[in-house]
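Peer 1: Provided herewith is a single structure, encoded as structure tokens, for subsequent inquiry.
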Amino acid sequence: MIKAVRGFKDILPEEIPYYRFIEEKIKGILENFGFREIRIPVLEHIEVFERSIGNTTDIVEKEMYTLKDKGGEILALRPEATAGIVRSLIENALHLKCPVLKFYFSGPMFRYERPQAGRLRQFHQFNVEVFGIKEASLDAEVVALLYIIFQELGIEKHINLEINHLGCKECRPIYKSLLINFLSSKKEKLCKDCKRRMERNPLRVLDCKNPECKEVTLQAPKICEHLCTECRRYFGETLDYLNILGIPYTINPMIVRGLDYYTGIVFEAISTEIGAQSAVAAGGRYDNLVEDMGGPPIPGIGFAIGEERAVMLLKKEKKVKEEDPRVFFAVLGEEAKRTMIPIVFKLRLKGIKCEMEHDCRKSLKSQMRKADKIKAKYAVITGEEEVKEGFTIVRNMESKEQFKVKIEELVRFFEEVER
RNA sequence: GUGGGCGUAGCUCAACGUGGUCAGAGCACCGGACUGUGGCUCCGGGGGUUGGGGGUUCGACUCCCCUCGCCCACCCCA
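Mapping of the first sequence onto numbering that gives the first Met the number 0: residues 0 to 418, in sequence order.
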């Protein structure tokens with residue numbers, strides 16, 4: 000049997016309503032917030048990711064799906080969306096064309112990782128990005144927006160909004176060396192992964208899961224206590240705005256984010272209910288990214304929601320279901336089928352969801368079983384006699400009431416009844 | 001890349017520990033009881049080369065080896 004590739008999952012019809020609910024709900028909110036949709040390609044030149052996400056991150060080092068096309072170019076399936084959106088912003092000079100630079104995007108991402116609960120090789124993210132504004136009020140708006148999205152999805156009780164500030168070009172390096180000094184003094188107590196992290200990305204030691212490392216990092220200097228006055232002011236002001244907006248959050252000095260491009264405010268929506276991969280959404284400010292990728296110095300901030308992870312929470316909360324058909328047409332014999340099929344089409348065009356049995360040799364009993372199984376509200380029963388006499392039997396499947404309806408009046412009948 | 005768990009009908013699982021009743025049940029599916037009327041009930045039916053390959057044995061779903069796949073966790077991250 001041919002099976003799907005590891006880490007690539009079918010989203011079957013019964014699950015689709017959850018994804019639609021999420022995507023449609025979020026789009027509705029974002030449009031009101033003044034965001035516009037953008038769609039970017041699945042493939043990019045590999046530099047798009049190397050120059051943005053960071054050459055020493057695992058994503059770029061070992062998790063990208065790369066390929067050489069027939070012209071010898073090295074391309075990569077996008078492991079995340081922000082880099083591509085920035086590429087598009089620069090390439091299309093959107094900053095000169097759009098008065099407001101607020102974009103959203105939803106689509107599949109690809110990372111070659113070992114699958115586990117809440118982690119796939121192809122997964123879906125819903126991205127939100129704002130460019131060109133660097134104001135605490137905007138940062139608060141973006142963070143608040145994320146919370147409101149969860150609220151509107153009805154899953155805000157399942158997540159915790161955590162926020163931190165990573166500092167700027169000035170204060171981050173100072174903090175970093177402070178941290179390295181501290182960690183070096185405790186080196187023996189750290190796990191082997193953390194010893195490695197110390198060299199590559201010391202900030203990441205802070206979110207190690209190892210209990211012993213956690214004990215050590217509890218004592219570590221906290222970035223938010225070592226911000227320069229400007230960053231401190233900005234962080235405080237952002238939190239102020241969040242308070243004004245009534246958004247619940249907690250400051251977590253341990254969140255550092257994995258991508259190199261983050262600067263300033265970073266935040267995560269965390270859940271304890273979806274396995275070890277607890278981030279349902281995450282984001283932050285990236286003020287140098289556009290410039291680093293060869294564009295003008297435009298600041299940015301954004302976040303991504305993991306759709307599969309959000310669906311996991313949604314499933315705990317409510318059953319989103321698709322619409323059942325309204326009418327099932329049971330047809331006994333060729334004549335009945337030929338008479339009813341145009342009517343089925345007419346009703347469908349009027350927006351009434353109908354289903355007809357195509358095997359008209361099946362017993363009425365089995366056709367009624369099907370009507371019941373698909374949860375149709377009405378069954379229309381037509382046999383040879385009915386066709387001859389010009390009427391048909393309409394049965395209300397719930398009340399079991401039946402009436403005769405003239406065939407030429409069927410469409411009008413259902414228009415009335417279904418209005 | 002590393003570790004642990006698991007692979008028996010479409011689904012959930014039993015039979016494997018002491019190899020030798022048949023490879024079984026529930027759900028789902030199809031049909032009948034009701035010659036043209038669903039859900040409940042009763043009755044019947046189709047379906048499995050027990051993930052694949054090799055070995056031990058008179059005999060393996062059951063024991064051994066290899067392989068593939070899935071799941072969970074580490075790593076990393078949405």
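By construction, the Cβ of each residue, glycine as well, lies at the ideal position given by its N, Cα and C atoms.
1) CB-CB under 7 angstroms to Y17, same chain, minus the five flanking residues each way: which ones, in chain order?
2) Which residues in the same chain as A281 place their Cβ atom closer than 8 angstroms to its Cβ, once the five residues preceding and following it in sequence are excluded?
3) Is the number of C-beta pairs between the stretch 103-118 and the stretch 27-39 that are closer than 8 angstroms three or more?
4) Using beta-carbon positions only, say whether G305 and Q124 come within less than 8 angstroms of one another.
5) Leaving aside the five residues before and after E316 along the sequence, list all residues of the same chain whose C-beta is less than 7 angstroms from its C-beta, in chain order.
6) Contact check, K376 vs R325 under 8 angstroms by CB: the rounded distance?
7) What separation, rounded to the nearest whole angstrom, lies between the Cα atoms of T381 and E322?
8) Just the C-alpha distance for N91 and T81, rounded to the nearest angstrom, thanks.
9) Measuring straight from C-alpha to C-alpha, what distance separates K175 and L165?
10) The alpha helix (DSSP H) spanning F102 covers which residue range?
11) Say whether the stretch 134-142 touches the stretch 48-61, bearing in mind that this needs 3 or more beta-carbon pairs closer than 8 angstroms, one atom from each stretch.
12) Between which two residues does the alpha helix (DSSP H) containing I25 stretch?
13) Pick from R284, C167, A219, I132: whose alpha carbon is nearest that of P252?
14) Is the stretch 209-224 touching the stretch 172-191, taking contact as three or more C-beta pairs under 8 angstroms?
15) Would DSSP call K403 helix, strand or coil?
16) By DSSP, does Y377 sit in helix, in strand, or in coil?
17) Taking Cβ positions, are D424 and G299 nearer each other than 8 angstroms?
18) Helix, strand or coil for H94, going by three-state DSSP, please let me know.
19) Measure the CB-CB distance between C212 and L189 and report whether it falls below 8 angstroms.
20) By the three-class DSSP mapping on this structure, what secondary structure does N54 have?
21) Count the other C-beta atoms from every protein chain shown that fall within 10 angstroms of the C-beta of T391, then say buried if there are 16 or more, exposed otherwise.
22) To which residues of the same chain is D206 closer than 8 angstroms at the C-beta, ignoring the five residues directly before and after it?
23) Using three-state DSSP, classify V4 as helix, strand or coil.
24) Name the two residues that bound the continuous beta strand (DSSP E) containing K262.
25) Can you list the beta strand (DSSP E) stretches of 3 or more residues lying completely in the stretch 304-357, in chain order?
26) Which partner residues of F302 appear in the DSSP bridge assignment?
27) Taking the alpha helix (DSSP H) that I243 belongs to, which residues open and close that run?
28) Which word fits S365, buried or exposed, when buried means at least 16 other C-beta atoms lie within 10 angstroms of its C-beta?
29) Checking 8 angstroms against the spacing of the C-beta atoms, do R77 and E43 come in under that value?
30) For the beta strand (DSSP E) that contains K67, what are its first and last residues?
31) In terms of residue numbering, what span does the beta strand (DSSP E) encompassing V393 cover?
32) On the criterion of 16 or more Cβ atoms from any shown chain inside 10 Å, does R110 qualify as buried, or is it exposed?
33) If we call anything under 8 angstroms between Cβ atoms a contact, is E22 one with H157?
34) Cβ atoms of V393 and E334: under 8 angstroms apart, would you say?
35) Please report the Cβ distance between T249 and N159, rounded to the nearest whole angstrom; I am assuming they are in contact, meaning their Cβ atoms lie under 8 angstroms.
36) Using CA atoms only, rank isn't needed, just tell me which of I373, E356, G350, M355 is closest to E415.
Peer 2: Straight from the coordinates:
1) V310, L313, K314, V319
2) R256, V265, F266, E267, A268, F302, A303
3) yes
4) yes
5) G153, I154
6) 5 angstroms
7) 25 angstroms
8) 15 angstroms
9) 10 angstroms
10) Where F102 is concerned, there is no enclosing alpha helix (DSSP H), although the beta strand (DSSP E) it sits in stretches over 101-109.
11) no
12) 15-31
13) A219
14) yes
15) strand
16) strand
17) For residue 424 there is no data in the structure shown, the boundaries of the chain being 0 and 418.
18) helix
19) yes
20) coil
21) buried
22) M253, I254, V255
23) coil
24) Contrary to the premise, residue 262 reads as Thr rather than Lys in this sequence. From DSSP, the beta strand (DSSP E) with T262 extends over 262-269.
25) 326-330, 353-355
26) V127, G282
27) 228-244
28) exposed
29) yes
30) 65-67
31) 390-395
32) buried
33) no
34) no
35) 6 angstroms
36) G350
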